[in-house]
Amino acid sequence: MDDVREYYENILAGLVDGIVVVDPKERIMTFSSSAEQMTGFKARTVQQQPLRNVFADEKKLHRLVEKTLATGRGHTDSSFSFKACRWEHRDLGLTTSPLLDRDGNPSGVVIVFRDLTRMKSLEERVRQGERLASLGVLAAGMAHEIKNPLGGIRGATQLLREELSPESSCYEYTDVMIREVDRLNKIVEGLLDFARPVPLHLRAMNVHQVLDHVAELVELEYTGKAMGIVRKYDPSLPEILGDPDQLTQVFLNLFRNGMDAMGGAGELTLTTRILPGYQVLSGDPVKRRMISVEVEDRGCGISPEELKKIFLPFYTGKPDGVGLGLALCHRIIEEHGGKIDVVSRPQAGTCVRTSLPVVAGTEP
Ligand SMILES: Nc1ncnc2c1ncn2[C@@H]1O[C@H](COP(=O)(O)OP(=O)(O)O)[C@@H](O)[C@H]1O
Ligand SMILES: [Mg+2]
């Protein structure tokens, strides 16, 4: 008997769906370990308890169980939002089926919980992705239309400027016009970069080469300023699968953000390392190792409220910012199957960590 019991318990424990069995008086007889995980309740504390006491606020659940007991038929509810004690709320699918004894008489109800939280959040991400993609097409179209007349305005302003004498009061207006046109141009360029779907050209590559290249570019930009780049490279870092041009864009943005945060002078630290463990990438049957690149500054830092917004397109905390840098970085890194996250302490500094997949077969 114990063997049989253990056998069934093992089956229950192996199921992803949470299983709860109640007797005709709606007392809990079985509470599987997946049900424990989904609800936060412990089997040993809810065993033998009336379902009503345990799930006190879940009217939908009680209605389905009652209906099943009364009719002897199964029922389903695919949008059951459960307020768990540990999690704030979970989206569960709920199915009740009658449990019949040997003679076909109802002897309880089997309740199956299916966790839909992950699926719902995936659906939401896909929807958001689609929204962004169609916005992108629209934005790219508009950006093109805006760029040409901007070129015309700039050219005309320059001609005007040559006609005017530097003493004329209108002369300095042309400065403003040129400056503002350049600013608009920067926004439009950023928008085009962000909206244009650029196909990735992935190849085995050394991320240190990209970092060194970007470091050179940024050092040129900040010539004459007190800037330093400290490299803490892992010399045994394996090659990654990446698009060098796109990753150059990513690190250029991250370096510039770091320098901006330090008011244009200071030290950036680059740290590369191999991450422990393996990662399954979507659409890839092989588990990959990942490397990480950290770009760290000792700048103004980012407050927790601001941190929630920095990856949104057009979010900027700078008077002359465009707010597309991090949105672009995020997209490029995601397309690489990697991740990007930020830890920051206001007034102390910020560390942006990107992780990227290693080329299959080159894992150490
Ligand atoms: N390293 C950093 N330190 C402090 N703030 C940062 C850092 N990186 C990004 N931010 C904040 O996130 C905002 C968005 O960054 P980004 O998308 O690159 O746009 P932009 O640089 O054009 O403002 C910045 O304006 C800044 O407020
Ligand atoms: Mg930026």
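If you count the sequence shown from 1, you need to add 19 to reach the working numbering. Glycine residues also receive a C-beta, built at the ideal position from the N, C-alpha and C atoms.
| field | For Pro117, the residue or residues it bridges with in DSSP | value | In the sequence shown, residue 117 corresponds to position 98, counting from 1. Pro117 is bridged to Val128.
| When the Cβ atoms of the stretch 306-314 are set against those of the stretch 336-354, are three or more pairs found closer than 8 Å? | As far as the Cβ criterion goes, the stretch 306-314 does not touch the stretch 336-354, which means the pair count is below three.
| field | Simplified DSSP assignment, three categories, for Thr335 | value | The count along the sequence shown starts at 1 and reaches residue 335 at position 316. Of the three classes helix, strand and coil, the one that applies to Thr335 here is coil, per DSSP.
| query | Cα separation between Phe213 and Glu354? | reply | Locating residue 213 in the sequence shown gives position 194, where the first residue counts as 1. Locating residue 354 in the sequence shown gives position 335, where the first residue counts as 1. Their Cα atoms are separated by approximately 13 Å.
| said: Please give the ranges of any beta strand (DSSP E) in the stretch 77-103, keeping only runs that are unbroken, at least 3 residues long and fully inside the region. | reply: Taken in chain order, the complete beta strand (DSSP E) segments of 3 residues or longer contained in the stretch 77-103 are 94-101.
| Should Val131 go down as buried or exposed, given a rule of 16 or more other Cβ atoms within 10 Å for buried? | For the purposes of this step, residue 131 is taken as the residue at position 112 of the sequence shown. Buried is the call here.
| task | Reducing DSSP to helix, strand and coil, say where Ser51 ends up. | result | Residue numbering aside, residue 51 sits at position 32 when the sequence shown is read from its first letter. Of the three classes helix, strand and coil, the one that applies to Ser51 here is coil, per DSSP.
| Are the beta-carbon atoms belonging to Asn225 and Leu169 less than 8 Å from one another? | Counted from its first residue, the sequence shown places residue 225 at position 206. Counted from its first residue, the sequence shown places residue 169 at position 150. Their beta carbons are not under 8 Å apart, which means Asn225 does not touch Leu169 by this criterion.
| task | Have a look at Arg105 and Ser52 and give me their C-alpha separation to the nearest angstrom. | result | In the sequence shown, the residue the question calls residue 105 occupies position 86. In the sequence shown, the residue the question calls residue 52 occupies position 33. Note that Arg105 scores a pLDDT of 48, beneath 50, so its modelled location is shaky; the value from the coordinates is reported in the next line. Take the alpha-carbon of Arg105 and the one of Ser52: they are about 15 Å apart.
| task | Identify every residue that forms a DSSP beta bridge with Val361. | result | Along the sequence shown, one-based indexing puts residue 361 at 342. DSSP, once it has assigned bridges, lists Val371 as partnering Val361.
| Within the chosen definition, does the stretch 219-235 reach the stretch 258-277 through at least 3 CB pairs nearer than 8 Å? | Contact between the stretch 219-235 and the stretch 258-277 is present, because at least three Cβ pairs lie under 8 Å.
| field | Rounded Cβ spacing between Ser322 and Pro365 (contact assumed at less than 8 Å) | value | One-based indexing of the sequence shown puts residue 322 at position 303. One-based indexing of the sequence shown puts residue 365 at position 346. Indeed, because the Cβ distance is near 5 Å, the residues count as touching under 8 Å.
| field | Which of helix, strand or coil DSSP assigns to Ile310 | value | Here residue 310 refers to the residue found at position 291 when the sequence shown is read from its first residue. Ile310 sits in a strand when the DSSP states are folded into three classes.
| task | With a 10 Å radius around its C-beta and 16 neighbouring C-beta atoms as the bar for buried, classify Ile30 as buried or exposed. | result | Walking along the sequence shown from the start, residue 30 turns up at place 11. With fewer than 16 other Cβ atoms from the protein chains shown falling within 10 Å of its own Cβ, Ile30 counts as exposed.
| Separation of Leu289 from Pro254, as counted between CA atoms | Counting from one through the sequence shown, the residue named residue 254 turns up at place 235. Counting from one through the sequence shown, the residue named residue 289 turns up at place 270. So the two alpha carbons sit approximately 13 Å from each other.
| query | Would you call the CB atoms of Lys78 and Phe99 closer than 8 Å? | reply | Indexing the sequence shown from 1 puts residue 78 at position 59. Indexing the sequence shown from 1 puts residue 99 at position 80. Taking 8 Å as the cut-off, the Cβ atoms of Lys78 and Phe99 do not count as close.
| request: Identify whether Glu45 lies in helix, strand or coil by the three-state DSSP scheme. | output: Taking the first residue of the sequence shown as position 1, residue 45 is located at position 26. In the three-state DSSP reduction, Glu45 falls in the coil class, being neither helix nor strand.
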